[in-house]
Amino acid sequence: MSGLHVYCVVSGDSIPPRALLGLGGRPVAVWRAADLGAWASVLDAPPSPSGELLRAHHDVVLAAFRVGSVLPVRFGQWLPDSTALESWLEREKARMCSAIEHLRDAVEFGVRVVGGEGEPVDAPPAGEAPAPREYLRTLARHRAAKRDALLRRDALARRLWSAVGPVAREQCAVPAGPGDLAAVAHLVDRAQVAPYREAVGRFMERQAPFRAEITGPWPPWSFVT
Amino acid sequence: MAETITSIDPAGHVALVDLVNRLLDRGVVVTGSVTISVADVDLLYLGLRLVLASVDRIERGPPSHDVVAIPSGPA
Amino acid sequence: MSDDDVEGRLLRAELDELVRGLPSRIEADPEKIDSALAGLVLTIVEFLRRVLEHQAVRQLEEGTLTEEEEERLGLAFMRLQERMTELREFFGLEEDDLNIDLGPIGRLL
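Protein chains in written order, with this note's numbering: chain R, 148 to 372; chain Y, 40 to 114; chain W, 266 to 374.
1. Give a yes or no on whether the C-beta atoms belonging to residue 152 of chain R and residue 180 of chain R are separated by under 9 Å.
2. Between the C-alpha atoms of residue 375 of chain W and residue 337 of chain W, what's the straight-line distance to the nearest angstrom?
3. Do residue 250 of chain R and residue 163 of chain R come within 9 Å of each other at the CB atom, strictly closer than that value?
4. Check each residue of the stretch 345-359 of chain W: if its Cβ is closer than 8 Å to any Cβ of chain R, include it; give the result in chain order.
5. When burial is assigned at 16 or more other CB atoms within 10 Å of the CB, is residue 218 of chain R buried or exposed?
6. Can residue 255 of chain R and residue 314 of chain R be called in contact, C-beta distance under 9 Å?
7. Which same chain residues end up closer than 6 Å to residue 365 of chain R when comparing Cβ atoms and leaving out the 5 residues on each side of it in sequence?
8. Once you ignore the five residues that flank residue 91 of chain Y on each side, which residues in its own chain have a CB closer than 7 Å to its CB?
9. Could you check what DSSP says for residue 300 of chain R in three-state terms: helix, strand or coil?
10. Do the CB positions of residue 282 of chain W and residue 323 of chain W come within less than 9 Å of each other?
11. In three-state terms, what does DSSP make of residue 98 of chain R?
12. Please list the terminal residues of the continuous beta strand (DSSP E) segment that includes residue 336 of chain R.
13. Is it true that the CB of residue 59 of chain Y sits closer than 9 Å to the CB of residue 224 of chain R?
14. Would you please state the rounded distance, in angstroms, between the beta carbons of residue 318 of chain W and residue 297 of chain R? I believe it to be under 8 Å.
15. Do the CB positions of residue 198 of chain R and residue 156 of chain R come within less than 9 Å of each other?
16. Sorry if obvious, but does the Cβ on residue 330 of chain W come closer than 8 Å to a heavy atom of the ligand FAD?
17. Does residue 314 of chain W have its Cβ less than 9 Å from a Cβ in chain R?
18. So, are the CB atoms of residue 315 of chain W and residue 276 of chain W less than 9 Å apart?
19. If contact means a Cβ-Cβ distance below 7 Å, which residues of the stretch 214-233 of chain R contact chain Y?
20. Assess, as a yes-or-no matter, whether the stretch 300-309 of chain W is touched by the stretch 228-245 of chain R under the definition of 3 or more beta carbon pairs within less than 8 Å.
21. Can a CB atom of chain W be found closer than 9 Å to the CB of residue 282 of chain R?
22. Which first and last residues belong to the beta strand (DSSP E) in which residue 342 of chain R is found?
23. Short check: CB of residue 358 of chain R to CB of residue 214 of chain R, under 9 Å?
24. Would the beta-carbon of residue 67 of chain Y fall within 9 Å of that of residue 280 of chain R?
25. Could you check how far apart the C-beta atoms of residue 337 of chain R and residue 253 of chain R are, in whole angstroms? I think they sit under 8 Å.
26. Could you work out which residue in R:341, R:284, R:350, R:310 is closest to residue 231 of chain W when comparing CA atoms only?
27. Assign residue 370 of chain R to one of two classes, buried (16 or more other C-beta atoms within 10 Å of its C-beta) or exposed (fewer than that).
28. Beta carbons nearer than 9 Å to chain R: which residues of the stretch 334-345 of chain W have them?
29. Say whether chain Y places a C-beta atom closer than 9 Å to the C-beta of residue 360 of chain R.
30. Can you confirm whether residue 151 of chain R, when its beta carbon is compared against all beta carbons of chain W, has any partner nearer than 9 Å?
31. Taking the DSSP output, what are the residues bridged to residue 256 of chain R?
32. Tell me the rounded alpha-carbon separation between residue 295 of chain W and residue 280 of chain W.
33. According to the neighbour-count rule (16 or more other Cβ atoms, all chains shown, within 10 Å of its Cβ), is residue 174 of chain R buried or exposed?
34. Helix, strand or coil for residue 364 of chain R? Go by DSSP, reduced to three states.
35. Could you list which residues in chain Y have their beta carbon closer than 8 Å to that of residue 369 of chain R, in chain order?
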């Protein structure tokens, strides 16, 4: 059953470039209601995530991001028809207008501080049937190690925020991989990107030998309220 | 240099894990539930995120709302 | 930050990852309904298993379990883990929580 795959919500006057293609090479159009626009494609069926489709979705959001304020929509949001999409915009207009204003002229950067040791793997080793009590205790040890890693990441994130707070709007945690000493995202004014990068650089000089991997500028995925 | 800066533009350089963490975890959601439909008929809504929101309550006592929310009529 | 907050956040991070693997819409044609629902059911069971494990570990750490209870819980979780693996194999599902197909590159995690 065909329907609409939604990419993002924008302020009313933003329109998709004519040549912009979305998932499966389908055209991207805008549906409007209540001073808002939703960029979407008509697809034959709800898409399942794949590397290729995620990139295609993100490329559309990036195109919107280049021309103005954008509220990225999570991958996989599906509505049966125009009426449903327009009703959704109407229902949520207060929340979305407020979110768009909140994110106006801001970009997201992802910051990971890397170089730490990996944490123990999620599942305790199966091996040859361990004693049940030992199994439980191994589980407990793994959880304790995760807890310690989380607290250490929190502490480093707080120090990072002290360093970049003056030139960034917000910081939030993002999922951390094993070996990440910190994993955060920052919301930064477009006009403050250069001083922000400098602030991160100065902070990282004090964290030697650890490095930061910074990605961005992203549309503000992590700061949609 | 103490940091590596990876621009996500032009697209293609961005790591899949960074895309996954954003596109599947963040951003606006239309509904917070999983819809199961069979032969194009919507049958069941699973409000799993209701359970996520009440993780703390799981630790302290019975949750006040259900994992599964069955709609009273067709979508 | 209280202990509860940290514990809650750890569990929440695990559960977020699990739920992330679910599509927001599961459309099954009647011929393929078994495998479509299997993934969903196993995700829910795995979800509950982690909550239960989390709770058991907390009680272990708080010292409120007798040796016998530790033994029984450990055994139950070991059995549950085995069953989950069998069920996944039966339905031909991957172990990874994220069912992201990268094509020739393989699984994400």
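All C-beta atoms, glycine included, are put in the ideal place defined by N, C-alpha and C.
Straight from the coordinates:
1. no
2. Residue 375 of chain W lies beyond the residue range present for chain W, which begins at 266 and ends at 374; the question has no answer from this structure.
3. no
4. 346
5. buried
6. no
7. 255
8. Bear in mind that the predicted position of residue 91 of chain Y carries a pLDDT of just 49, short of 50, making it unreliable; the figure below should be weighed with that in mind. Result list for residue 91 of chain Y: empty, nothing under 7 Å.
9. helix
10. no
11. Outside the shown range of chain R, which is 148 to 372, sits residue 98 of chain R, and nothing can be said about it.
12. 327-336
13. no
14. With 8 Å as the limit, residue 318 of chain W and residue 297 of chain R do not qualify as a contact, their Cβ atoms being about 17 Å apart.
15. no
16. For the ligand FAD, the structure offers nothing, since it holds no ligand at all.
17. no
18. yes
19. 218, 219, 220, 221, 222, 224, 226
20. no
21. yes
22. Unbroken run through residue 342 of chain R is the alpha helix (DSSP H), 340-352; no beta strand (DSSP E).
23. no
24. no
25. 7 Å
26. Because chain W here runs from 266 to 374, residue 231 of chain W falls outside it and cannot be looked at.
27. buried
28. 335, 336, 337, 338, 339, 340, 341, 342, 343
29. yes
30. no
31. R:333
32. 29 Å
33. exposed
34. strand
35. 61, 65
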